[in-house]
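Taken in sequence, the protein lines are chains A and B. Counting in numbering that gives the first Met the number 0, the first sequence runs without a single skipped number right up to 132 at its last residue. Counting in numbering that gives the first Met the number 0, the second sequence runs without a single skipped number right up to 327 at its last residue.
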Amino acid sequence: MSPSRKIRVLIAKPGLDGHDRGAKVVARALRDAGMEVIYTGLRQTPEMIVRAAIDESVDVIGLSILSGAHMALFPRVMELLRKEGADDILVIGGGIIPEDDIPELKKHGIAEIFGPGTPLDEIVDYIRKHVKV
Amino acid sequence: MRVEDLVRGVLEGKRRPLARLITMIENEDPQASEALRLLYRHTGRAHIIGITGPPGSGKSTLVTRMTAEYRRRGRTVGIVAVDPSSPFSGGALLGDRIRMQEHSLDEGVFVRSMGTRGHLGGIARATSDVVRAIDASGKDVIIVETVGAGQSEVEIIDIAHTVVVVDVPGSGDDIQAIKAGIMEIADIFVVNKMDLPGADRKVSEINAMLDLDQKMGEWRPPVLLTNGRTGEGVPELVDKIDEHMVFLRESGLLEEKGLQRSRDELHQIMEYRLTRELLQHLRGRPEYERAIKMIAQRHDDPYSVAQRLIAEFLVELSRSGGGDEDGG
């Protein structure tokens, strides 16, 4: 692999909640870990997220959601990725997501969920370990 | 994916192959040069527009508005938005898409964010080739938004047909305006955020600076007012950009610039290839290491050694009948 290869990550906020502090903290931490982070802002539809992921050729999508709509929106993102043949992209989630929902989300192909209080290094390490560079 | 398939996909205007190729270009993947070689003949059709100016002058918002205007006029648009990479971590936070959401599902728009990856000059090293890939994919207009530029980030002129320099009211006095740098590269000036106080004054300052310009050609850069938030002034900006292209064409400057650019590019590629071949030839040879030691010990000087090594290399090259044919 080329020496200048960089991990590219899309940080996206699906749904209608307007709080992106968590997303920004994670984006900053990934940047400081040497990754290229594309942040698309608030209120993204799954269609917009998948489109941005494809145009930007990202290795990872990080979905942050606080509104409680994750059971609808996360699987929808995965479905669209599969439709586009882009399901090789690693998808992780964060925000307020009840423990009980996690197995179901993983069944849909979300690789991991990082709840509040997750040390940032843990997310960085997880991405480094799971993206084939 | 095979290079031929990738190239076919790009030429058909498909997003995924284009996006993939851009990543390969950025990562200096050897297959990217092969793809660019095959695509080259299909480039040179898009009008390439550079948008530059200080951080916070509203470049991304303006680009979004311009894109909407081009789409209204039935033209397809590629956008390359460059943001700085951290010199410390090498990472980057690419946030220009935040302001470009309204086009995020338009099939006629392709947006790509790039980190500078250590390159100075306002764009990334790979930006030129990335623009070329988008050009080959058939976009009518390609807008390159540079990093927030100050006084020396002027590389955009090597890529763009038309350079738009964006400034805002109240940013520095009239002396700032006559300093060197980005003020010298504008084909069109835009004073954005025209609703802020001091907009008219900014326009007169720029015009006064242009009055002092001794070497101005037939094209005097117009100074336009825009409001990126409302879109006011944007249709006029797009008109001026079109007008500039007509001027370039009719004055023969387009052809002239194209020749100059091809000359510069060929020069760069030859320099790079020759150096690479020479170093490959020398690497690990005992006499090369010996010569370096002689220089370090002041028994020889680098000027004579360089001359001798190059001369020997050229002789050897002509004997073997040319270099390798890797095409990469």
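Backbone N, C-alpha and C define an ideal beta-carbon position, used for all residues, glycine too. Here the structure is a predicted model, which means the values were calculated and not measured.
Item: Please work out which residues of its chain come closer than 7 Å, Cβ to Cβ, to A:Ala26, disregarding the five sequence neighbours upstream and downstream, and give them in chain order.; Value: Ile10, Val36, Tyr38
Item: For the stretch 33 to 49 of chain A, which residues have a beta carbon sitting closer than 7 Å to at least one beta carbon of chain B?; Value: Gly33, Met34, Glu35, Val36, Ile37, Tyr38, Thr39, Gly40, Glu46, Met47
Item: Three-state secondary structure (DSSP) at A:Met0?; Value: Unreliable placement is indicated for A:Met0, whose pLDDT of 40 sits below 50; the coordinate value is still reported in the next sentence. In the structure shown, A:Met0 sits in coil (DSSP, three-state: anything other than H, G, I, E or B).
Item: With a threshold of 7 Å between beta-carbons, can B:Ser112 be considered close to chain A, or not?; Value: yes
Item: So which residues on chain A does B:Thr22 lean against when the C-beta distance must stay under 7 Å?; Value: Ser56
Item: Which of helix, strand or coil does DSSP assign to B:Asp325?; Value: Reliability fails at B:Asp325, whose pLDDT of 47 lies under 50, so the model's placement of it is uncertain and the value that follows must be treated cautiously. Three-state DSSP puts B:Asp325 in coil, outside helix and strand.
Item: With distance defined between alpha-carbon atoms, name the residue in B:Leu277, B:Ile240, B:Glu270 nearest to B:Tyr69.; Value: B:Ile240
Item: Would you list the one or two residues that DSSP bridges to A:Arg7?; Value: A:Glu35
Item: Roughly how many angstroms lie between the CA atoms of B:Val304 and B:Glu286, to the nearest whole one?; Value: 11 Å
Item: Counting only beta-carbon atoms, is B:Gly326 nearer than 7 Å to chain A?; Value: Confidence at B:Gly326 is low in this model, with a pLDDT of 42, below 50, so the placement of that residue is unreliable and no value is reported for it.
Item: What beta strand (DSSP E) runs, 3 residues minimum, are completely inside the stretch 91 to 134 of chain B?; Value: 91 to 93, 108 to 114
Item: Taking its Cβ as the centre, do 16 or more other Cβ atoms sit within 10 Å of B:Glu324, making it buried, or is it exposed?; Value: Legend: pLDDT at B:Glu324 = 48, less than 50; position of this residue unreliable, no value from coordinates given.
Item: At the 7 Å Cβ level, is A:Arg127 part of the contact set with chain B, yes or no?; Value: no
Item: For B:Asp139, which of helix, strand or coil comes out of DSSP?; Value: coil
Item: Taking 7 Å as the CB-CB limit, is B:Gly227 close to chain A?; Value: no
Item: Which first and last residues belong to the alpha helix (DSSP H) in which B:Leu37 is found?; Value: 29 to 38
Item: DSSP three-state call for A:Pro115: helix, strand or coil?; Value: coil
Item: Flag this pair as yes or no: are the beta carbons of B:Val153 and B:Ile184 separated by less than 7 Å?; Value: yes
Item: Is there a Cβ from chain B that is less than 7 Å from the Cβ of A:Arg20?; Value: no
Item: Counting only Cβ-Cβ distances shorter than 7 Å, please list the residues of the stretch 89 to 111 of chain A near chain B, keeping chain order.; Value: none
Item: Quick one: residues in its chain with C-beta nearer than 8 Å to the C-beta of B:Leu294, no 5 flanking neighbours on either side, listed in chain order?; Value: It should be noted that the sequence gives Ile, not Leu, for residue 294 of chain B. Closer than 8 Å at the Cβ level, and outside the excluded window around B:Ile294, lie Asp300, Pro301, Val304.
Item: By how many angstroms is the C-alpha of A:Lys105 removed from the C-alpha of A:Gly93?; Value: 13 Å
Item: Output needed for B:Ser136: all residues of its chain with C-beta closer than 6 Å, excluding positions within five of it in sequence on either side, in chain order.; Value: Val9, Gly12, Leu17
Item: Taking CB distances under 7 Å as the criterion, tell me whether A:Ala26 reaches chain B.; Value: yes
Item: Can you tell me where the alpha helix (DSSP H) with B:Phe312 in it begins and where it stops?; Value: 301 to 319
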